[in-house]
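Each protein sequence line maps, in turn, to chains A and B. Following the working numbering, the numbering of the first sequence begins with 1 at its first residue and continues without gaps. Following the working numbering, the numbering of the second sequence begins with 1 at its first residue and continues without gaps. As structure tokens, the structure follows; a few thoughts come after it.
Protein chains: 2
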Amino acid sequence: MRLTKRKMAAALREHGYKLTPQRRAVITAIASSPDHLTPTALHRKVQQDHPTIGLVTIYRTLEILVKLELTCELHAGGSCRSYTIAAPGLHHHLICSDCGEVIDFSGYYLAELEQRLYRETGFEIEGHLLEFIGRCQNCRQNV
Amino acid sequence: MRLTKRKMAAALREHGYKLTPQRRAVITAIASSPDHLTPTALHRKVQQDHPTIGLVTIYRTLEILVKLELTCELHAGGSCRSYTIAAPGLHHHLICSDCGEVIDFSGYYLAELEQRLYRETGFEIEGHLLEFIGRCQNCRQNV
DNA sequence: ATATAAATGATAATACTTTTCATTTAGAGC
DNA sequence: GCTCTAAATGAAAAGTATTATCATTTATAT
């Protein structure tokens, strides 16, 4: 189940952040898009309804949303960073190198590996980033 | 066993790239550093011995080295991209969120998961990026 | 309704990366 | 070794992404 706008707003409040129209707009845009969006793309989307919102506010809001784990950040080669709403348990990505489609997936737990790494290196693992790059069905067929 | 400078140079040749002094210098710098270096850091290092080499050449050379899989690219939160010599079979990273230390590790194969993803989504997987973020032993102790 | 700390937008500054183009050079062929 | 040519280089500029500054506005507690 994906996070709802309502829950995201509540989480902001809980952590002492004000619920401004701008932040609502960003949340709405993220929550209503299945895609990963770059800050600029998100800005364009938000501006459709709220033309005065600045790109800087997008950056600032994303920073908060990522900190509260309400959105997740994607790093895929090249100039990176795009964002999408966080889906609990779905923190891995499958990225098409051709069309850029992103599929989230879950069901693979890295806990065992994390423990081994802790024993061997003393690293206390806080998070991970697992991304696969490939070519999606469509792109493979439309050669 | 890590790649030697000699092998990297040979690989360049094999693929029809010229072996210029600048490229030698970049290869030397990468091969002799255990750390992941950003393009800028690499530039500084190279300039110690070859002050005239431009940053653009660093970027261009890195592009080739990554394409030939002689170096690997790291994406770790924030403004990303750093590079290190590729160690065959060691394509995963353990990054300290505190001091930035990077440990490569291997021994965990994602082949099984890749096959499952192929069956379920039709994605033909070409590569992956697995990175753990955490705090290294030192940073945990020196609170 | 008011006070206040936080948030916003405009602007500028900074950093990162790519493009363009004239000049230089590595390496193939002789 | 010398010549030729395609490829590589460096300088400069352009393009893009991100962060900082600051005066003004605003959400919310009271």
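In this text, a Cβ means the ideal position worked out from N, Cα and C, and glycines have one as well.
Cβ of residue i within 8 Å of any chain B Cβ
i                 : result
THR172 of chain A : Examination of residue 172 of chain A is not possible in this model, given that chain A is present from 1 through 143 alone.
ILE64 of chain A  : no
CYS72 of chain A  : no
ARG135 of chain A : yes
ILE125 of chain A : yes
ARG23 of chain A  : no
ALA11 of chain A  : no
Within chain B, the residues that residue i reaches when beta carbons sit closer than 9 Å
i                 : result
GLN16 of chain A  : According to the sequence shown, residue 16 of chain A is Gly rather than Gln. Per Cβ cutoff of 9 Å: no residues; GLY16 of chain A is ~23 Å from chain B at best.
GLU114 of chain A : PHE132 and GLY134
ILE30 of chain A  : Those within 9 Å of ILE30 of chain A in chain B number zero; the least Cβ separation is about 19 Å.
Rounded Cβ spacing between residue i and residue j (contact assumed at less than 8 Å)
i                 : j                 : result
GLU43 of chain B  : LEU55 of chain B  : In the sequence on display, residue 43 of chain B carries His and not Glu. The Cβ separation is near 5 Å, so the contact holds.
ILE125 of chain B : PHE105 of chain A : ILE125 of chain B to PHE105 of chain A, Cβ: 12 Å. No contact.
ALA29 of chain B  : LYS45 of chain B  : 5 Å
LEU117 of chain A : LEU94 of chain B  : 6 Å
THR121 of chain A : ILE103 of chain B : 6 Å
ALA25 of chain B  : ILE64 of chain B  : Contact flag wrong, Cβ pair sits at about 14 Å.
LYS5 of chain A   : ALA31 of chain A  : 5 Å
CYS72 of chain A  : CYS139 of chain A : Not quite, the Cβ-Cβ distance comes to about 24 Å (not below 8 Å), so this is no contact.
PHE123 of chain B : ARG119 of chain A : In fact, because the Cβ distance is near 33 Å, the residues do not count as touching under 8 Å.
is_contact[residue i, chain A] using C-beta, thresh 8 Å
i                 : result
LEU129 of chain B : yes
THR184 of chain B : The question about residue 184 of chain B has no answer here: the residues shown for chain B are numbered 1 through 143.
ASN142 of chain B : no
MET1 of chain B   : Residue placement at MET1 of chain B is flagged as unreliable, the pLDDT there being 45, under the threshold of 50; the coordinate-derived value follows with that caveat. Cβ-Cβ to chain A under 8 Å: no for MET1 of chain B.
Boundaries (first-last residue) of the beta strand (DSSP E) holding residue i
i                 : result
ILE103 of chain B : 102-105
GLU14 of chain B  : Element bounds for GLU14 of chain B: not the beta strand (DSSP E) but the alpha helix (DSSP H), 5-14.
GLU69 of chain A  : That residue, GLU69 of chain A, is in no beta strand (DSSP E); it is neither H nor E in DSSP.
ILE95 of chain A  : 92-96
Residue span of the alpha helix (DSSP H) that contains residue i, given as start and end
i                 : result
THR38 of chain A  : Here THR38 of chain A belongs to no alpha helix (DSSP H), and DSSP marks it neither H nor E.
PRO21 of chain B  : 21-31
CYS136 of chain A : Counting along the chain, CYS136 of chain A falls outside any alpha helix (DSSP H), and DSSP gives it neither H nor E.
Neighbour list for residue i in chain A, Cβ cutoff strictly below 7 Å
i                 : result
LEU117 of chain B : LEU94, PHE105 and PHE132
(message) At a CB distance below 9 Å, what residues from the region 43-62 of chain B approach chain A? Give them in sequence order.
(response) For the region 43-62 of chain B, which is checked against every Cβ of chain A, not one residue is closer than 9 Å.
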